[in-house]
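Going by this note's numbering, the letters in the sequence shown line up with residues 3 to 240, in that order. Glycine included, each C-beta is placed from N, C-alpha and C at the ideal position.
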Amino acid sequence: MLLEKIIDEIKRKKELKDLDNEFIKRRINIYLLKNKIYLDEDDVNRRSKKYMGLFKAMRKELRIIYGAFRDVNEKRASKIYEEIFSLVGKFDRLLDLGSGLNPMYYAKLNKEAEYYCCDINNQEIKALNRYFRRNKIIGEAFVFDLVYDDLSLLPKADVIFLFRVLESLEYYERNISKRILENLNSKIIVVSFAKNVLSNRGNIRRKGRIWFRRILKRLNYRYKDYDIGDEIFLVIRK
Ligand SMILES: C[S@@+](CC[C@H](N)C(=O)[O-])C[C@H]1O[C@@H](n2cnc3c(N)ncnc32)[C@H](O)[C@@H]1O
Numbered sequence: 003m004l005l006e007k008i009i010d011e012i013k014r015k016k017e018l019k020d021l022d023n024e025f026i027k028r029r030i031n032i033y034l035l036k037n038k039i040y041l042d043e044d045d046v047n048r049r050s051k052k053y054m055g056l057f058k059a060m061r062k063e064l065r066i067i068y069g070a071f072r073d074v075n076e077k078r079a080s081k082i083y084e085e086i087f088s089l090v091g092k093f094d095r096l097l098d099l100g101s102g103l104n105p106m107y108y109a110k111l112n113k114e115a116e117y118y119c120c121d122i123n124n125q126e127i128k129a130l131n132r133y134f135r136r137n138k139i140i141g142e143a144f145v146f147d148l149v150y151d152d153l154s155l156l157p158k159a160d161v162i163f164l165f166r167v168l169e170s171l172e173y174y175e176r177n178i179s180k181r182i183l184e185n186l187n188s189k190i191i192v193v194s195f196a197k198n199v200l201s202n203r204g205n206i207r208r209k210g211r212i213w214f215r216r217i218l219k220r221l222n223y224r225y226k227d228y229d230i231g232d233e234i235f236l237v238i239r240k
């Protein structure tokens, strides 16, 4: 099928190769609709101007929302997770949104609990499910797009993690963070932002992310912030 062929070409870039096809398909369809473009096989084969426009726009967009935000210091020290777990207190079920491989580094801290996590990276989802099985952790990883999938279908949890993910989603839909927070079914939500990205004025200190704090104020949610490692963590109570 034509779309599959386009997706294959887009995914030839190393940093995009593990992205979920459905996720890319949606972006392509939105681009075609917005720009009132119709593409056929011939456009793709002879790499017409229309096709190259789409191709370049998609690569750029996907790199921004997916690639660029992954650059910063992927792995956290385990004491950071211990600190977060102690801030959150006892829980039975945790849901990690836009998890990356994150749960591999903390699930062992509380083996009694159940872990659910989602991302748009297929390979990471497979690796997480393997990890859960091998380590006898009760949990499931699944592909889920936080922008377009139905948030009400997410499993209910005592605690939800949204680590370094909201900023890239805002690129797609302004104030999507508000919509996500409102629709999550959990009393505690922990959000993090990297301190040293997106700012050329040096590190963003604890008081940063004013836009996000405004959202919390509008929603009337209580929160506390913590400066831990390279990130700002906000523990939000609904
Ligand atoms: C910077 S990484 C953070 C990973 C992990 N939360 C952590 O802090 O280590 C951002 C993650 O969000 C995921 N992501 C980006 N857009 C997404 C979307 N629309 N739906 C679900 N996950 C998304 C990416 O695949 C990536 O794993």
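In this structure R29 is buried. Its beta-carbon is surrounded by 16 or more other beta-carbon atoms within 10 angstroms. Listed in chain order, the non-local C-beta contacts of A159 below 7 Å within the same chain comprise R95, L96, L97, Y118, S188, local neighbours out to five positions each way being set aside. With 16 or more other Cβ atoms inside 10 Å of its own Cβ, I162 counts as buried.
Judged by DSSP secondary structure, D44 falls within the alpha helix (DSSP H) whose first and last residues are 43–47. With a cut-off of 8 Å on Cβ pairs, the stretch 6–20 is in contact with the stretch 46–61, counting three or more such pairs. Ligand 1 has a heavy atom closer than 7 Å to the beta-carbon of R166.
With a contact defined as Cβ atoms closer than 8 Å, V167 and G100 qualify at about 3 Å.
Secondary structure note for V90: its alpha helix (DSSP H) is the uninterrupted segment 80–90. Taking C-alpha positions only, R215 is separated from V149 by approximately 20 Å. Secondary structure note for S170: its alpha helix (DSSP H) is the uninterrupted segment 168–172. Here L103 carries a coil assignment [DSSP, helix/strand/coil]. Here R211 is buried: its Cβ has 16 or more other Cβ atoms, across all protein chains shown, within 10 Å. The DSSP-derived three-state label of S188 is coil. Not one heavy atom of ligand 1 is found less than 7 Å from the C-beta of Y173. When the Cα atoms are used, I238 and Y83 turn out to be separated by approximately 17 Å. Excluding sequence positions up to five before and after I67, its CB lies within less than 6 Å of the CB of S170, Y173, all in the same chain and listed in chain order. CA-to-CA, the gap between R181 and L218 works out to about 11 Å.
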